[in-house]
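Heads up, the sequence shown is in this note's numbering, so the first residue is 448 and it goes up one at a time.
Virtual Cβ for every residue (Gly too), placed ideally from N, Cα, C.
Quick caveat, the model's predicted, so the values are computed rather than measured.
Worksheet for the structure shown next.
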Amino acid sequence: MKLGEKLRYLREVEGTLRGFNRDLSQQEMARLIQKELGKSISQSYLSQIESGARPHLTNSSRMLLARFFKVHPGYLVDDPEGFQNELISDVGALEDKLDLWLVSGAERFRREPELASALLTIAKHADSRMCTLLTIAKHADSRMCIVLLGTILDNPGLAERLIEVLKAPAANQKRKRS
């Protein structure tokens, strides 16, 4: 993967992580870097990198972008010809993007081990990821939903027990109406 593609991908992930539900624009990225890191980088410089007009970053720009995206500076270079990384080899697929988003989220929330662990657990359960995350995103306390889901997935048998407990009040209400 070329440096420009990596930068575009990181803007996409960052926009999602920040709740924009879209890619972070180059202009927004430049403003956020200034605001959060107190350093400046121009939108035109970012555009040149992404388009390939400028194939390499300066060391200071590489370090700045690595800090902003919370990636290793070594990631911000072109991959060798023919290089394949299993995690990013098919980022066009929605499932792969979701996995990367979950893992990125876990890394981003590493200071909240409970939430980070829950995100990684959800990533491991491919059968329910999409539907579950779309529902969670609409909930008022999405953080608590993610932690709860991670706990349920980590404890075999807990889901069945919760379903029994939650069905009991509904059954009692039906009997009272009858």
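(request) On a CA-only basis, which of Glu-554, Gln-490 and Glu-611 is nearest Leu-471? Give me that one, please. (result) Gln-490
(request) Let me know if Gly-604 comes out buried or exposed under the rule of 16 or more other beta-carbons within 10 Å of its beta-carbon. (result) exposed
(request) For the alpha helix (DSSP H) containing Ser-491, list its first residue and its last residue. (result) 490-498
(request) Report buried or exposed for Val-612, applying the criterion of at least 16 other Cβ atoms within 10 angstroms of its Cβ. (result) exposed
(message) For the alpha helix (DSSP H) containing Leu-512, name the first residue and the last one.
(response) 506-516
(request) Return the CA-CA distance between Gly-479 and Arg-501, expressed in angstroms with no decimal places. (result) Gly is not the amino acid found at residue 479; the sequence shown has Leu there. Roughly 22 Å between the two C-alpha positions.
(message) Is the beta carbon of Gly-451 closer than 7 Å to that of Gly-499?
(response) yes
(request) Give the single residue among Leu-484, Leu-457, Val-524 and Arg-555 whose Cα lies nearest to the Cα of His-503. (result) Val-524
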